Amino acid sequence: MSITSERSSLFVLADGGAVSDERLAVYLRLALAVAVLSVVFEKLLDLELSLELERYHLLASTVGFVISCILLPFERTSRLGIAIFAVSIFVFVGTKWAAYHNHGWLTVWTIPVALAFGAAWWDSELYRWYLRATLGVVMLAACAQKLLAGTYLDGTYITLLSTSGSTTEQMFGFLCGPDALENSCAWHKFLGTFIVVWQAGVGILLLAGVRNLAFLFIEIAFLLGAGLYADEMNFQVLNIALLSIAFGYGMRPWLCVTCVVLLFVDAYSIAGLLDHVL
Amino acid sequence: MSSDAPDTGARASRRPESRAIKVLVFAILAVHTIWICVHLGLVSQNLINPWKLGGYGMYTVPNNKARLHVFLFDNQSGGWRELAEGQANSYLFDTANYLHVFRCRQPSADSIARFFDENPHLRYRPVTLALSERILTREPIGESRKIYAKLEVAWGGETKFGYRGELCGEAFDGTRDYTPPES
Numbered sequence: 049m050s051i052t053s054e055r056s057s058l059f060v061l062a063d064g065g066a067v068s069d070e071r072l073a074v075y076l077r078l079a080l081a082v083a084v085l086s087v088v089f090e091k092l093l094d095l096e097l098s099l100e101l102e103r104y105h106l107l108a109s110t111v112g113f114v115i116s117c118i119l120l121p122f123e124r125t126s127r128l129g130i131a132i133f134a135v136s137i138f139v140f141v142g143t144k145w146a147a148y149h150n151h152g153w154l155t156v157w158t159i160p161v162a163l164a165f166g167a168a169w170w171d172s173e174l175y176r177w178y179l180r181a182t183l184g185v186v187m188l189a190a191c192a193q194k195l196l197a198g199t200y201l202d203g204t205y206i207t208l209l210s211t212s213g214s215t216t217e218q219m220f221g222f223l224c225g226p227d228a229l230e231n232s233c234a235w236h237k238f239l240g241t242f243i244v245v246w247q248a249g250v251g252i253l254l255l256a257g258v259r260n261l262a263f264l265f266i267e268i269a270f271l272l273g274a275g276l277y278a279d280e281m282n283f284q285v286l287n288i289a290l291l292s293i294a295f296g297y298g299m300r301p302w303l304c305v306t307c308v309v310l311l312f313v314d315a316y317s318i319a320g321l322l323d324h325v326l
Numbered sequence: 172m173s174s175d176a177p178d179t180g181a182r183a184s185r186r187p188e189s190r191a192i193k194v195l196v197f198a199i200l201a202v203h204t205i206w207i208c209v210h211l212g213l214v215s216q217n218l219i220n221p222w223k224l225g226g227y228g229m230y231t232v233p234n235n236k237a238r239l240h241v242f243l244f245d246n247q248s249g250g251w252r253e254l255a256e257g258q259a260n261s262y263l264f265d266t267a268n269y270l271h272v273f274r275c276r277q278p279s280a281d282s283i284a285r286f287f288d289e290n291p292h293l294r295y296r297p298v299t300l301a302l303s304e305r306i307l308t309r310e311p312i313g314e315s316r317k318i319y320a321k322l323e324v325a326w327g328g329e330t331k332f333g334y335r336g337e338l339c340g341e342a343f344d345g346t347r348d349y350t351p352p353e354s
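For the record, the sequence lines run as chains V and C. Quick note on our numbering: the first sequence kicks off at 49 and runs consecutively. Quick note on our numbering: the second sequence kicks off at 172 and runs consecutively.
In structure tokens, the structure reads:
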């Protein structure tokens, strides 16, 4: 099933108009390179610890990620870049699987699979479908976990973050008074419920095969909002990069610049930047 | 899989994939989906840290950040005294127990031996190890740290130790020969 709609002028502006097949191929390869770049930024923060613990294989893998990122955008070397990434990420997983959160695991499930689609992986409609299905299933999984924990529909987790979270996580604290600690207020319940419903909706739409640009851009906006809230832009950049491939849109220049800026912001953390400025 | 043209301006070529590739892709997706269901089941029984092994349960409860506490028997007071942070290292113990991602997995005898490898000043002395985790509290809404596992270690000379403990309501014990690492 595919839902199509009239593009509004905003989306045409962001789309930048139709692009040639060659240009689109570049954008798709660039998207995977940005996905790997998000891993590079994550691993760079671990470099000091790897050196301290003399984990030279992890240092070598980090170099592998950098090389992969450099090779990925080019037609002739893109597949080699994926292969180097696959080796590097499996070395990391073998060593640090217990410490891995969402970022590393999502790359394990999504990026090495591209190897199966030949030298011109970006041409594969099946790969795009696989990314959509994987991201859809992960979205539903995250939604199910929130329902299972029972901390979103009643607003508990939003209240918790609002009172004892990091700087950005406290952004919704003003919505409720101090009584919220005893019983979450309606606004926090609304926010918690909205997040659950949103994740369920996005998961279902991705699995249903919806590839409307409006859907992509709204989801990107939501991811950026969530990244701002949790002060975790790195994972959002990975999601945006993978979605841009899944939607056949690719990493257009405006999106690429946005993502790279966000990676640098994430390296310092929004809270760190705010503390520095204020 | 949708065969309709996407509304994205994408005009990449649609080369057919081989049956083997299709089977492979569906198999990977199926394995991932099964793991997500298993993960959900393990979280529902409080057996794993929801933040780990895929991270599907991140931001649903506080990250438990399991921490090891070390207690020494104080002969003068006749009671147990907790060592301050930095007075004992837990890196080898934690890594040998997979950072306690599996909440109810009993610490292995090897991991206890590695703890003493890393903490020579605690060898041959009766110690109690305890694991704590951060949990969500509801009245009032907040988070607190709570001990959820305890492990007592006693030595029989300098070559053997015995241990007993309780984790997730289940008792366990064991003994192990011990040879300190060459320095």
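Virtual Cβ for every residue (Gly too), placed ideally from N, Cα, C. All of these numbers come straight from a predicted model, not from anything done at the bench.
| Query | Result |
| --- | --- |
| Can you tell which of V:I159, V:T211 and V:H149 has the C-alpha that lies nearest to the C-alpha of V:S136? | V:I159 |
| Would a C-beta distance cut-off of 7 Å place V:G166 and V:Y200 closer than the cut-off? | no |
| For C:D348, collect the residues of the same chain with a Cβ closer than 7 Å to its Cβ; drop the 5 residues on either side in sequence, then sort them by chain order. | T330 and K331 |
| So C:P311 contacts chain V; which residues on that side make the cut at Cβ distance below 8 Å? | L229 and E230 |
| Does the beta carbon of V:Q193 come closer than 7 Å to any beta carbon on chain C? | yes |
| State yes or no: is the C-beta of C:P278 within less than 7 Å of the C-beta of C:N268? | yes |
| Under 8 Å Cβ to Cβ from C:F343, same chain only, skipping five residues before and after it: list those, please. | Q277, R335, G336 and E337 |
| For V:S116, which residues of its own chain have a beta-carbon under 6 Å away from its beta-carbon, when the five flanking residues on both sides are left out? | V84, G129, I132 and F133 |
| Using 8 Å as the threshold, is the stretch 221-241 of chain V in touch with the stretch 196-213 of chain V, meaning 3 or more CB pairs across them? | yes |
| Taking DSSP as the reference, what is the three-state secondary structure of C:P177? | Confidence at C:P177 is low in this model, with a pLDDT of 48, below 50, so the placement of that residue is unreliable and no value is reported for it. |
| Work out the CA separation of C:G226 and V:L99 for me, nearest whole Å. | 26 Å |
| Express the C-alpha separation of V:R127 and C:R238 in angstroms, rounding to a whole number. | 42 Å |
| DSSP beta-bridge partners for C:K321? | C:A301 and C:E337 |
| Whose C-beta lies closer than 7 Å to the C-beta of V:L253 among residues of the same chain, with five residues either side of it excluded? | F263 |
| Taking a contact to mean a Cβ-Cβ separation below 7 Å, would you say C:T204 touches V:V185 in this structure? | yes |
| Using Cβ-Cβ distances below 8 Å, what residues of the stretch 202-235 of chain C are close to chain V? | H203, T204, I207, H210, L211, V214, S215, P221, W222, K223, L224, G225, G226, Y227, G228, M229, Y230, T231, V232 and P233 |
| Along chain C, in chain order, which residues have C-beta atoms closer than 7 Å to that of V:N282? | Per Cβ cutoff of 7 Å: no residues; V:N282 is ~13 Å from chain C at best. |
| Please report the straight-line C-alpha distance between V:N150 and V:N282, rounded to a whole angstrom. | 11 Å |
| Quick check: V:V285 and V:L310, are their CB atoms within less than 7 Å of each other? | yes |
| Contact check, C:R309 vs V:T204 under 8 Å by CB: the rounded distance? | 7 Å |
| Using DSSP with H/G/I as helix, E/B as strand and the rest coil, what is C:R252? | strand |
| When the Cα atoms are used, what is the spatial distance from V:A315 to V:F89? | 7 Å |
| Are the stretch 93-113 of chain V and the stretch 187-195 of chain C touching, with three or more C-beta to C-beta distances below 8 Å? | no |
| If you check the beta carbons only, do V:C307 and V:V141 fall under 7 Å apart? | no |
| Can you find a C-beta in chain C that's less than 7 Å from the C-beta of V:S56? | Only weak support exists for where V:S56 lies, its pLDDT of 47 falling under 50; the value from the coordinates is given anyway. V:S56 does not count as touching chain C. |
| Looking at the C-beta of V:H105, does it have a partner C-beta in chain C at a distance below 7 Å? | no |
| Which chain V residues are close to C:E329, counting only those with a beta carbon under 9 Å from its beta carbon? | Here the premise fails: no neighbours, minimum Cβ distance about 29 Å. |
| Within a Cβ cutoff of 8 Å, which residues of the same chain sit near C:F242, ignoring the five residues on either side of it in sequence? | W251, R252, E253, L254, V298, T299, L300 and A301 |
| How many angstroms separate the CA atom of C:N260 from the CA atom of C:W326? | 19 Å |
| Label C:Y262 either buried or exposed according to how many other C-beta atoms from any shown protein chain fall within 10 Å of its C-beta, with 16 as the threshold for buried. | exposed |
| Would you tell me roughly how many angstroms separate the C-alpha atoms of V:A164 and V:G275, rounded to the nearest one? | 31 Å |
| Tell me C:T346's beta-bridge partners as DSSP assigns them. | C:G333 |
| Could you compute how far the alpha carbon of V:D94 sits from the alpha carbon of C:D265? | 18 Å |
| Would a check of beta-carbon distances place V:A134 closer than 7 Å to chain C? | no |
| Which of the three DSSP states, helix, strand or coil, is assigned to C:S189? | coil |
| Leaving out the 5 sequence neighbours to the left and right, which residues in its chain are closer than 6 Å to V:K194 when beta-carbon positions are compared? | Y200 and V244 |
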